[in-house]
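So the number in my numbering is just where the residue sits in the sequence shown, counting from 1, plus 1262. Beta carbons are placed, not taken as given, at the ideal position from N, Cα and C, and that holds for glycine. Quantities reported herein were computed from a predicted structural model and do not represent experimental measurements.
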Amino acid sequence: MKSEINDSSVQLQQSIQKLNELVANLTASFQPITTIAKDIVKPFEGIAHKVPVESIVSSGSRIAEQIQKETQALQTADMYKNITGTLGTLIRTMDLHQYGLYSREIVELIENGKLERVKQGLYRLPIQAERDSEEKLISQLYPDGVLTLMSALYYYGYIDRLPMAWDIAVSRNTSKSRFNIDYPYVQPHYMEDAHLQYGVSTAVYSDCVLSIFDRDRLICECIKHESKMERETFNKAIISYINDSQKNITNLLDYAKRRNIHKKVRTRMEVWL
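In structure tokens:
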């Protein structure tokens, strides 16, 4: 019996020695791990003759698990620090992979509030989200889109009620999955590529520039989609356009021909003007 106790004591002392060696090796790079490991090892010192071998093995396993978790947490934090200084507002999954951040680390960052999921495969940093406007996010998500209808009417001051969604004209070949996002809410308007090439201007915001249909093209689109608009909003948009000194009826009629609504627009203009 005494022999078994001595053997257990020797095994414990050897385990403690190995753990201390591990702690010493990790000290330079992972100081938090050193503290944890020492705190765990300390209670066992001096009581080797009282501790069963099974407890020694179990404790050693717990120590290894905690060291592994702490190591992973520090590595994730270090990789996160790298991406905050090098990547832009929107971050793709492949970008995170390049920095060694995969599914487990990504989920951990999201749960800790250090990363926000915009949509499948696309993320952004919360600190960047606080700085950037909604318009800038739109410009990054849909650089090929053009503001139209309610969004464009609001920008030009033709209506004073902030739209609930972003009306964006895009190519009919655009994947619908691009609009599967929770925020901001986007209403896509699909059309032939050729119709995205004329009557396009720029909308200048505080931190970005977006493509937008000019005033004449915008009213042409409103008349084309009149049945989909609220009557009050449509009438207010037309009145605002008529009173706008920057309107160009010649351009409006030209756009109407391209959109196959020339007769309808001409008839309306004769009444309104």
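Check                                                                                                              : Outcome
Contact belief for Tyr1420 with Lys1486 at Cβ below 8 Å, rounded distance in angstroms                             : That pair is no contact at about 16 Å.
Endpoints, beta strand (DSSP E) assigned at Ala1431                                                                : Trp1428 to Ser1433
Residue-level contact to chain C via CB, Ile1443, 8 Å cutoff                                                       : Among the protein chains of the structure shown there is no chain C, as only one such chain exists.
Delimiting residues of the alpha helix (DSSP H) encompassing Tyr1418                                               : Leu1411 to Tyr1418
Rounded straight-line distance, which links the Cα of Cys1482 to that of Ala1414                                   : 12 Å
Cβ shell of Arg1554 (< 7 Å), same chain only, five flanking positions each side left out                           : Nothing about residue 1554 can be reported from this structure: the residues present for the chain run from 1263 to 1535 only.
Tyr1364 burial status per 10 Å Cβ neighbour count (16 or more: buried)                                             : exposed
Pairwise C-alpha distance: Ser1468 and Thr1410                                                                     : 19 Å
Spatial neighbours of Pro1446 in its chain, beta-carbon cut-off 7 Å, leaving aside the 5 residues before and after : Glu1396, Leu1399, Ile1400 and Trp1428
Proximity below 8 Å, CB of Arg1386 to CB of Glu1378                                                                : yes
Whole-number beta carbon distance between Ile1430 and His1457, since they are thought to touch under 8 Å           : Rounded, the Cβ-Cβ distance is 14 Å, inconsistent with contact.
Nearest-angstrom Cβ-Cβ length linking Ser1463 and Asp1455, presumed shorter than 8 Å                               : Not a contact, Cβ separation roughly 18 Å.
Per DSSP, cross-strand counterpart(s) of Tyr1385                                                                   : Ile1353 and Arg1379
Whole-angstrom C-beta distance between Val1432 and Asp1406, which should lie under 8 Å                             : 7 Å
Under 8 Å between C-beta atoms of Tyr1416 and Leu1424                                                              : yes
Spatial neighbours of Arg1521 in its chain, beta-carbon cut-off 8 Å, leaving aside the 5 residues before and after : His1457, Cys1482, Glu1483 and Lys1486
Rounded C-alpha distance that separates Ile1368 from Ile1443                                                       : 18 Å
Short Cβ contact (8 Å threshold) for Tyr1503 with Arg1479                                                          : no
Collapsed DSSP secondary structure at Ile1474 in the structure displayed                                           : strand
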